[in-house]
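Colleague: Structure below; questions to follow.
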Amino acid sequence: MQARIENIQEKKLIGIHLSMSLSANKTAALWQAFMPRRSEIKNQLTNDLISMQAYPSTHFSDFKPTNLFEKWAVVEVGNFDNLPANMETFTLPGGLYAVFSYKGSGNDHSIFQYIFGTWIPESNYLLDNRPHFEILGEKYKNADPNSEEEIWIPIRGK
Numbered sequence: 001m002q003a004r005i006e007n008i009q010e011k012k013l014i015g016i017h018l019s020m021s022l023s024a025n026k027t028a029a030l031w032q033a034f035m036p037r038r039s040e041i042k043n044q045l046t047n048d049l050i051s052m053q054a055y056p057s058t059h060f061s062d063f064k065p066t067n068l069f070e071k072w073a074v075v076e077v078g079n080f081d082n083l084p085a086n087m088e089t090f091t092l093p094g095g096l097y098a099v100f101s102y103k104g105s106g107n108d109h110s111i112f113q114y115i116f117g118t119w120i121p122e123s124n125y126l127l128d129n130r131p132h133f134e135i136l137g138e139k140y141k142n143a144d145p146n147s148e149e150e151i152w153i154p155i156r157g158k
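What follows is the structure, given as structure tokens:
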């Protein structure tokens, strides 16, 4: 699987987040809390949902399934005006990303094993310390094997 390399500008995001680990995954609860309130967010730039992970700087160098990180359910907005109650803003820094088009169930984590175990080590890039995210567009169908999404991994040159 090949990645395309994208250099993006910063993005303004609004949504909610939870602290979790891979071993104590609360992703379903996060999205169950977010989706009924999504329409409260005005000035959305697209219909896409964004699932974002903000990892501490040592998350991957000292990886354990119990390492905590913040997972966000967000949408991109033009500005932070009219922030709904109990939602938060996040400014995603711009920069270089490796983008993987993925088709398959969100429950199959082999794509991440490939990205971190094969693609990054064999590429001309290193993992950068910025949030990772997935764009869940109109072809996203959660656990469906025909679901499609884009996986955005922050990178920098070696």
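For the sequence shown, the positions run 1 to 158 when full-length UniProt numbering is used. Backbone N, C-alpha and C define an ideal beta-carbon position, used for all residues, glycine too. Bear in mind that the values here come from a model prediction, so they are computed numbers and not experimental data.
Can you list, in chain order, the residues of its chain with a C-beta nearer than 6 Å to that of M20? Leave out the 5 residues immediately preceding and following it.
Modeller: Within the sequence shown, numbered from 1, the residue matching residue 20 stands at position 20. Cβ neighbours of M20 beyond the five flanking positions: K26 and K71.
Colleague: Note down the Cα distance separating G157 from M52, rounded to an integer number of angstroms.
Modeller: Position 157 of the sequence shown, counting from 1, holds the residue named residue 157. Position 52 of the sequence shown, counting from 1, holds the residue named residue 52. Going by C-alpha positions, G157 is about 22 Å away from M52.
Colleague: Run through the stretch 105–158 for me and flag every whole alpha helix (DSSP H) of 4 or more residues, listed as ranges in chain order.
Modeller: 110–114
Colleague: What does the alpha-carbon distance come out to for the pair G104 and D144?
Modeller: Mapped onto the sequence shown, residue 104 falls at position 104. Mapped onto the sequence shown, residue 144 falls at position 144. Using only the alpha carbons, I get a separation of about 7 Å.
Colleague: Below 8 Å on the Cβ atoms is my contact criterion, and I expect G95 with I5 to pass it. Report the Cβ-Cβ distance as a whole number of Å.
Modeller: Numbered from its first residue, the sequence shown carries residue 95 at position 95. Numbered from its first residue, the sequence shown carries residue 5 at position 5. Incorrect: roughly 11 Å between the Cβ atoms, too far for contact.
Colleague: Please name the residue or residues paired with W72 in a DSSP beta bridge.
Modeller: Position 72 of the sequence shown, counted from the start, is the residue given in the question as residue 72. DSSP lists H17 and M52 as partners of W72.
Colleague: Got a sec? Which residues, its chain only, sit under 7 Å from P84 by beta carbon, not counting five neighbours each side?
Modeller: Mapped onto the sequence shown, residue 84 falls at position 84. Result list for P84: R37, E40 and I41, in chain order.
Colleague: How would you call G15, buried or exposed, if buried means at least 16 neighbouring beta carbons within 10 angstroms?
Modeller: On the sequence shown, position 15 is the one that residue 15 refers to. So G15 ends up on the buried side.
Colleague: For the 8 Å Cβ check, are there 3 or more pairs between the stretch 118–127 and the stretch 74–84?
Modeller: no
Colleague: Which residues mark the beginning and the end of the beta strand (DSSP E) in which A98 is found?
Modeller: For the purposes of this step, residue 98 is taken as residue 98 along the sequence shown, with counting starting at 1. Taken as a continuous stretch (DSSP letters only), the beta strand (DSSP E) holding A98 covers G95 to K103.
Colleague: By how many angstroms is the C-alpha of H132 removed from the C-alpha of I151?
Modeller: In the sequence shown, the residue the question calls residue 151 occupies position 151. In the sequence shown, the residue the question calls residue 132 occupies position 132. Roughly 8 Å between the two C-alpha positions.
Colleague: Could you compute how far the alpha carbon of N112 sits from the alpha carbon of S61?
Modeller: Looking up residue 112 in the sequence shown gives position 112. Looking up residue 61 in the sequence shown gives position 61. One point to set straight first is that residue 112 is Phe, not Asn, in the sequence displayed. C-alpha of F112 to C-alpha of S61: approximately 16 Å in a straight line.
Colleague: Where do the ends of the alpha helix (DSSP H) carrying F34 lie?
Modeller: In the sequence shown, residue 34 corresponds to position 34, counting from 1. Segment T27 to F34, the alpha helix (DSSP H) holding F34.
Colleague: Just checking my contact of A73 with F34 at CB under 8 Å: how many whole Å lie between their CB atoms?
Modeller: On the sequence shown, position 73 is the one that residue 73 refers to. On the sequence shown, position 34 is the one that residue 34 refers to. Contact flag correct, Cβ pair sits at about 4 Å.
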